[in-house]
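Quick mapping for you: the protein sequence lines, in order, are chains B and E.
Residue numbers for the first sequence follow full-length UniProt numbering, so the first one is 1 and each next one is one higher.
Residue numbers for the second sequence follow full-length UniProt numbering, so the first one is 1 and each next one is one higher.
Notes for the one structure printed next.
Protein chains: 2
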Amino acid sequence: MAIERCHELVEGDALRRDFGWALGVVFRAYLKAGNEATGTLPGGPRGHQVLEAATRQPPVSQSVIAQEIGCDRTVMTYLLDDLEREGLLTRRPDPADRRSRQVVATDKGVERLERLRELIMRAQDFVLQDLDEADRQTLRCLMQRSALRLDSLDPTAPCNVVRDIAAADQA
Amino acid sequence: MAIERCHELVEGDALRRDFGWALGVVFRAYLKAGNEATGTLPGGPRGHQVLEAATRQPPVSQSVIAQEIGCDRTVMTYLLDDLEREGLLTRRPDPADRRSRQVVATDKGVERLERLRELIMRAQDFVLQDLDEADRQTLRCLMQRSALRLDSLDPTAPCNVVRDIAAADQA
DNA sequence: CCAACATAGTCTGTCCAGCAGAACATCTGT
DNA sequence: ACAGATGTTCTGCTGGACAGACTATGTTGG
Numbered sequence: 001m002a003i004e005r006c007h008e009l010v011e012g013d014a015l016r017r018d019f020g021w022a023l024g025v026v027f028r029a030y031l032k033a034g035n036e037a038t039g040t041l042p043g044g045p046r047g048h049q050v051l052e053a054a055t056r057q058p059p060v061s062q063s064v065i066a067q068e069i070g071c072d073r074t075v076m077t078y079l080l081d082d083l084e085r086e087g088l089l090t091r092r093p094d095p096a097d098r099r100s101r102q103v104v105a106t107d108k109g110v111e112r113l114e115r116l117r118e119l120i121m122r123a124q125d126f127v128l129q130d131l132d133e134a135d136r137q138t139l140r141c142l143m144q145r146s147a148l149r150l151d152s153l154d155p156t157a158p159c160n161v162v163r164d165i166a167a168a169d170q171a
Numbered sequence: 001m002a003i004e005r006c007h008e009l010v011e012g013d014a015l016r017r018d019f020g021w022a023l024g025v026v027f028r029a030y031l032k033a034g035n036e037a038t039g040t041l042p043g044g045p046r047g048h049q050v051l052e053a054a055t056r057q058p059p060v061s062q063s064v065i066a067q068e069i070g071c072d073r074t075v076m077t078y079l080l081d082d083l084e085r086e087g088l089l090t091r092r093p094d095p096a097d098r099r100s101r102q103v104v105a106t107d108k109g110v111e112r113l114e115r116l117r118e119l120i121m122r123a124q125d126f127v128l129q130d131l132d133e134a135d136r137q138t139l140r141c142l143m144q145r146s147a148l149r150l151d152s153l154d155p156t157a158p159c160n161v162v163r164d165i166a167a168a169d170q171a
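Structure below.
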């Protein structure tokens with residue numbers, strides 16, 4: 001029960017103190033555990049996220065889902081093909097804009113999703129296995145806040161991380 | 001100054017409450033900002049991590065670096081080719097095991113690394129822009145703890161996330 | 001109304017990276 | 001000495017990101 005939060009990085013060398021390194025390790029572990037957890041689901045953890053998006057009301061279009069889960073629209077085409085072939089969701093024309101297709105989970109998809117959530121939860125617990133429940137909650141919340149903020153930014157705009165420093169980066 | 005920690009996810013739909021979703025959004029934002037920040041560095045943020053690993057004492061082998069930063073050993077081959085061609089590091093045979101090559105940063109590589117750290121820091125601040133400094137520290141620390149734990153696991157072993165539930169996953 | 005432009009989805013091709021497998025050099029244990 | 005394990009490199013294969021083209025449809029300005 002580590003009630004007090006830890007606020008500094010102590011262990012390890014320069015690499016292990018890098019936030020980007022930690023992010024990569026945790027992300028890859030999530031992909032690995034998520035792929036185990038989702039089993040035969042087309043797209044693995046990504047397929048799960050599509051299925052979550054397909055339960056939204058009102059229904060959302062393919063391009064909205066692609067943007068939300070951060071994948072390319074050309075990949076979304078065949079990912080939805082696979083999920084539709086399994087009968088987990090359907091594409092139907094948006095009555096208000098016939099260019100667009102609404103992605104809607106079928107009953108079978110919703111049922112599968114309920115079982116998937118349990119399995120995905122286990123994958124996430126695997127990733128956060130070194131934290132107690134309070135720390136997991138804190139981490140989940142801080143990550144969600146960061147993600148919500150980033151999600152609201154224009155995905156086509158540059159991050160402008162370099163700015164004035166860029167000029168000094170000649171070598 | 002959000003002194004009190006937040007412990008529950010409140011905003012958004014099912015997708016936005018998913019930890020895997022948040023992880024993906026933050027990771028992709030880090031890659032995007034990191035690629036901007038590292039500019040012409042071969043491998044982008046990944047090249048930076050290799051360079052960090054190349055400053056370790058005692059020197060480490062290619063396969064150790066590949067395992068630490070989570071990339072394939074075959075990719076490491078040409079990634080090191082690129083970094084070596086830029087004169088940022090060298091490969092030299094390990095005197096204790098001539099199969100193995102020690103990866104060592106050159107003076108030029110160390111100098112480049114010092115400028116890179118500043119830029120990478122900015123990329124990380126971009127990713128965590130919605131958090132104040134205390135929350136960033138907390139998040140960095142919790143991620144590092146999770147990553148250190150995952151890093152110590154056998155990378156070839158399955159996560160065993162499914163176990164008994166697997167049998168019930170027929171559909 | 002119509003022409004110009006924008007947008008949603010699909011398809012093609014390219015590039016990068018993960019993965020499997022093989023080849024080769026070298027090390028280790030018997 | 002010999003068999004097996006390990007480190008590096010190379011060759012295919014595959015999945016996904018990205019750019020570009022194309023079609024169908026929607027939107028806007030003349």
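Every residue gets a Cβ at the ideal spot worked out from N, C-alpha and C, and that includes glycine.
Here the structure is a predicted model, which is why all the values come from computation and not from measurement.
| query | result |
| --- | --- |
| Taking the alpha helix (DSSP H) that D151/E falls in, what are its first and last residues? | 133 to 151 |
| Taking Cβ-Cβ distances below 7 Å as the criterion, which residues of the segment 23 to 41 of chain B are in contact with chain E? | L23, G24, V25, V26, F27, R28, A29, Y30, K32, A33, G34, E36, A37, G39 |
| Just checking my contact of V161/E with A123/B at CB under 8 Å: how many whole Å lie between their CB atoms? | 5 Å |
| V26/B and L128/E: beta carbons closer than 8 Å? | no |
| Mind checking which residues open and close the beta strand (DSSP E) that includes A66/B? | Where A66/B is concerned, there is no enclosing beta strand (DSSP E), although the alpha helix (DSSP H) it sits in stretches over 62 to 69. |
| With a threshold of 16 other CB atoms inside 10 Å of the CB of E133/E, please say whether the residue is buried or exposed. | exposed |
| Under a three-way DSSP split, which group does V162/E fall into? | coil |
| List, in order along the chain, the chain B residues whose C-beta lies closer than 9 Å to that of T74/E? | The contacting residues do not exist; T74/E stays about 17 Å from chain B at best. |
| In chain B, which residues lie less than 8 Å from Q124/E when you measure between Cβ atoms? | F19, G20 |
| With 8 Å set as the bound, which would you pick, yes or no: does the beta-carbon of G43/E sit closer than that to a beta-carbon of chain B? | no |
| Per the DSSP calculation, T90/B is bridged to which residue(s)? | V104/B |
| Considering only the beta carbon of each residue, do R56/B and A66/B sit closer than 8 Å? | no |
| Given a cut-off of 8 Å on the beta-carbon distance, is the pair S100/B and S152/B in contact? | no |
| Helix, strand or coil, according to DSSP, for D125/E in the structure here? | helix |
| Taking 8 Å as the cut-off, decide whether the C-beta atoms of R149/B and D130/E are in contact. | yes |
| How about the segment 35 to 47 of chain E and the segment 106 to 119 of chain E: do they share at least three Cβ pairs that are nearer than 8 Å? | yes |
| For a test of the three-state rule: what should DSSP assign to D97/E, helix, strand or coil? | strand |
| Of the residues that make up the segment 98 to 110 of chain E, which ones have a beta carbon closer than 9 Å to any beta carbon in chain B? | K108 |
| Specify the secondary structure class of L116/B as computed by DSSP and reduced to three states. | helix |
| Show which residues of chain E have a CB atom less than 8 Å away from the CB atom of G47/B. | Residues of chain E passing the Cβ test: none, with the nearest at roughly 12 Å. |
| Let's see if you can read the secondary structure: which residues bound the alpha helix (DSSP H) around P42/E? | Run containing P42/E: none; DSSP gives neither H nor E here. |
| Might you give, ordered along the chain, the residues of its own chain that have their beta carbon closer than 6 Å to the beta carbon of Q102/E, omitting 5 neighbours on each side? | P59, R92, D94 |
| What residue does the alpha helix (DSSP H) around E11/B start on, and which one ends it? | Per DSSP, E11/B belongs to no alpha helix (DSSP H) and is neither H nor E. |
| Between which two residues does the alpha helix (DSSP H) carrying D82/E extend? | 73 to 85 |
| Starting from the C-beta of S63/E, find all residues in its chain whose C-beta is less than 7 Å away, skip the five residues before and the five after it, and write them out in chain order. | R73 |
| For A105/E versus L51/E, is the C-beta spacing smaller than 8 Å? | yes |
| Consult DSSP for Q49/B and reduce its assignment to one of helix, strand or coil. | helix |
| Which of helix, strand or coil does DSSP assign to R56/B? | coil |
| Give the DSSP-derived three-state secondary structure of A157/E in the structure shown. | coil |
| Run the CB neighbour count on T77/B, radius 10 Å, all protein chains shown included, and call it buried at 16 or more, exposed below. | exposed |
| Using the rule of at least 16 other Cβ atoms within 10 Å of the residue's Cβ for burial, across every protein chain shown, is A157/E buried or exposed? | exposed |
| Under 8 Å, Cβ to Cβ, is there at least one residue of chain B near A66/E? | no |
| Using a Cβ-Cβ cut-off of 8 Å (strictly less than) and excluding sequence neighbours within five positions of L15/B, which residues of its own chain qualify? | W21 |
| Does the separation of the CB atoms of I69/E and A54/E fall below 8 Å? | no |
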